Structures are given as C-alpha cells and as structure tokens.
Amino acid sequence: MMSQPVLALKDLRTVFHTARGSFTAVDGVNLELRQGEVLGLVGESGSGKSVTLRSILRLVRPPGGVSGEVLWQGRNLLALSEPQMRRVRGGEISMIFQEPMTALNPVLPIGEQIVETLREHTELSGKALRDRAVELLELVGIPSPKERLRGYPHQFSGGMRQRAMIAIALASNPKLLLADEPTTALDVTIQDQILKLLLRLKDTLGMSVILVTHDLGVVAQTCERVAVMYAGRIVEVAPAAELFAQPRHAYTLGLLNSVPGAERTRRPLLPIPGAPPDLAALPLGCPFAPRCTFTTPECTAARPPLVVISSTRLAAEPPSPVETPARLTACIHHDKLTKAGEVAR
Ligand SMILES: Nc1ncnc2c1ncn2[C@@H]1O[C@H](COP(=O)(O)OP(=O)(O)OP(=O)(O)O)[C@@H](O)[C@H]1O
Ligand SMILES: [Mg+2]
2 MMSQPVLALK
12 DLRTVFHTAR
22 GSFTAVDGVN
32 LELRQGEVLG
42 LVGESGSGKS
52 VTLRSILRLV
62 RPPGGVSGEV
72 LWQGRNLLAL
82 SEPQMRRVRG
92 GEISMIFQEP
102 MTALNPVLPI
112 GEQIVETLRE
122 HTELSGKALR
132 DRAVELLELV
142 GIPSPKERLR
152 GYPHQFSGGM
162 RQRAMIAIAL
172 ASNPKLLLAD
182 EPTTALDVTI
192 QDQILKLLLR
202 LKDTLGMSVI
212 LVTHDLGVVA
222 QTCERVAVMY
232 AGRIVEVAPA
242 AELFAQPRHA
252 YTLGLLNSVP
262 GAERTRRPLL
272 PIPGAPPDLA
282 ALPLGCPFAP
292 RCTFTTPECT
302 AARPPLVVIS
312 STRLAAEPPS
322 PVETPARLTA
332 CIHHDKLTKA
342 GEVAR
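Taking the numbering used here, I'd label the letters of the sequence shown as residues 2 to 346.
Structure below.
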C-alpha cells in the first residue's frame, strides 16, 4: 500500500509576460510526493525547476501567472488568502533558494533572521530562541555559531551563506522542504554533511523534500525518485535506481550520457548537443525532438503525453512489500532506448 501523497501538483502552469512576448516556464506539471520522500528534480538550465518550486509557494511575482492546483495535505495553496499562505510559507513548507543573497535580508544579522522564523513558526520564546538559533547554525556546520549569530549576510562567505539559509529553512521544522541546489556552493565534505542532515530530518520529522540539483551523484546518494524536466514539462519520473539503470526518455538518456565515464557521480552535467529550447517558440511535438537521435515523424506530429509504463524492477532487488512507484515517460520511443553509454552518438 502506498501512502497518500502529501503534495500533489495538478496541471501546474506558470506563464511569464515579457517584452519579448509570453512564454510558459512551467507547462502543465503533474507530480506527487509522499510523506518522508525525497524527490529529485533534474534538468538542464532553464527547464523550469526553480520556477516550479517558486510556483508551489506562490513566489512568482506578476506579470507571471500561476494556474492549476497545488494540493498540500489536501488544501489547494493557490486558493489560499495571502495571510493564510504566509503561515504555510516558511512554516509548514520551507524553501532553500538557489541564490542565498536574494533570500537573506542584507540589513539583519543572521541570528535575528533565524530567531524571526522561530518566533513566527514555533512555540519557542526568550532564551530558548537564541539557544535554538545557535543549535541550528551548529547543525549546518557553521563554526563558532555563537559569534556568527551577530554576523550580517555580507560578512559570510558564499558557502557559509548557503548554510545559514539552510538553517533558516529548517528552523520551523518544516513538513516539506523545497531545496533548490542547496549544496552547490559547498565543498564535498560539507555537502555530504548537509545531505545526511536532510536525510536525518526526513526520518525524524517525517519531512518530505523536493531536491533540485545538477549533480546526479547527489541524486543517487539522496533521492528515492527522480523527475526529469525539459522545457517546463516533466518528461520522465522513476525510482532513482531504475532511472540510472535504464532511462526511459531520450532526454534522460542524453543527461546520463553527458556525464563522461564510469564515475558519473560527482561530476557536473555537460551540455547535450544542440540548442536548448526556446520556450517562446516550442515545436508542436516533443520539445526535445530537434536535438534527439531517435526522432521519427510521430515525435514531431503531436506532443507526447506523460504516461505510465511498467516498472522495471532490478534483477538484484528483492520483491518489495510496498508497491513500486510507477514509472512515467513522455517518450514514445521509451522501449527503444539502449542503456546509457551504449548508444551511438
Ligand atoms: N521572473 C521571471 N520573469 C521572466 N522569466 C523568468 C522569470 N523567472 C524565470 N524565468 C524564465 O523561466 C525559465 C525557467 O527558469 P528556471 O529558473 O525555473 O530554470 P531552472 O531549471 O531553475 O534553471 P537553472 O538550472 O539554471 O537554475 C527560464 O527561461 C527563465 O529565464
Ligand atoms: Mg534554478
């Protein structure tokens, strides 16, 4: 039996209106997340990962419009009033932003910013606030946390700022963490430490996580399932191990192949040949078709929908008492894809 999803995105769509015209950055995303699950969200730059996370928390400013449904524990966040939304944001749901500087208040000491979150979203008061703030800085590996509380964001290095932001995001004991490239500015040791911390919190708090990352090594280490985005759309969803063993979308195959050699973990993704899609002028059919080596006329005739395909249980894997999550793909040639590394380029 699979548990009910805590979060369900239904036909989530985010449109931006710019001087160049309108374009759809998030294009009908459907996605579910279960309690305590870590879902990786991957895809090349501009595919809509950050906008998806910002849309969940309604942080897309006009002239951007978000439609569809964001069902959080059964409530549609897109239908809440702004005061109701403020209680959810930074409380039940926290976000670690891709650019720490835009998320931190430059004129407030880090300690104050943590205490503010604690005051707003927890029962703590008085001295307990400061003690907890110190504890949080310690948790994310900031040395001399007591002294650091008085520091301003500009006095922190990039890596320290990222850690401070993680501390703020975790201060409210969120039930859902939206983590946008949370460890990119950190060296490998600290990155490991932060990822282990997130996994621990997921277990102790039952926290669910959507983790946006460029690093497939981080995905392998941290995520149970992966969703792959391309041109604002989810093109493949699979349990992480299955995705690595046998991608079922030509774009995912390209992603895996773009990381050279056997040690494809711990390496940044290399670009896939061909130009990234222009969101303002997407082709009629599969948006990846112009760059894909498997393209047939069928691919360009109409947009392939995201459909369920049977789960490819790994041979070495014992039968699981829980239902294997479904695999989804929007590639009509999913059964023709050979394993990563074996395809002719
Ligand atoms: N406020 C905005 N106004 C107009 N366009 C925007 C805005 N925010 C994002 N975009 C555009 O939406 C698209 C998706 O951007 P997004 O930031 O979600 O990409 P991403 O997948 O997070 O990329 P990266 O890996 O580089 O972080 C891009 O074309 C981006 O330029
Ligand atoms: Mg981003």
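By construction, the Cβ of each residue, glycine as well, lies at the ideal position given by its N, Cα and C atoms.
On a predicted model such as this, the values are computed, not experimentally measured, just so you know.
Taking 7 Å as the cut-off, one finds no heavy atom of ligand 2 near enough to the beta carbon of Q156. Closest option to L187, judged by alpha-carbon separation, among R201, S68, T214: T214.
The closest heavy atom of ligand 1 lies 7 Å or more from the beta carbon of K203.
For S51, the distance from the CB to the nearest heavy atom of ligand 2 is below 7 Å. G29 sits in a strand when the DSSP states are folded into three classes. For D28, the shortest C-beta to heavy atom distance toward ligand 2 is 7 Å or greater.
For D336, the number of other beta carbons within 10 angstroms of its own is below 16, and it is reported as exposed. For L171, the enclosing alpha helix (DSSP H) stretches over residues 159–172.
Three or more beta-carbon pairs drawn from the region 61–74 and the region 13–20 are found closer than 8 Å, and the two stretches are therefore classed as touching. One thing to note: A331 has its Cβ within 8 Å of the Cβ of P305. Per DSSP, L178 is one residue of the beta strand (DSSP E) stretching across 177–181. Relative to the Cα of E93, the nearest Cα in the group N77, V141, A242, W73 belongs to W73. Under the three-state reduction of DSSP output, V61 falls in the coil class, being neither helix nor strand. E225 is positioned such that its CB atom lies closer than 8 Å to that of E38. Of K176, G159, A170, P63, the smallest CA-CA separation from Q114 is found for A170. In the three-state DSSP reduction, A134 falls in the helix class (H, G or I). With respect to the C-alpha of L40, the residue from T339, P288, L199, D279 having the closest C-alpha is L199. Under the DSSP assignment, G75 falls outside any beta strand (DSSP E); it carries neither an H nor an E label.
For E33 against L8, the beta-carbon gap comes to about 7 Å, under 8 Å, which counts as contact. By the Cβ criterion, the region 149–165 is in contact with the region 96–111, since at least three pairs of Cβ atoms, one from each stretch, lie closer than 8 Å. The beta carbons of I167 and I97 sit closer together than 8 Å. By the neighbour-count definition (other C-beta atoms within 10 Å, threshold 16), T253 is a buried residue. The C-alpha of A20 is placed about 39 Å away from the C-alpha of E121. Going by C-alpha positions, A327 is about 14 Å away from P248. The criterion of a C-beta distance shorter than 8 Å is satisfied by S209 and R35. Taking C-beta atoms as the reference points, L307 and L42 fail to come closer than 8 Å. Residue pairing of R226 in beta bridges, as defined by DSSP: L40, P240. Annotation for M96: the continuous beta strand (DSSP E) segment containing it runs 94–97.
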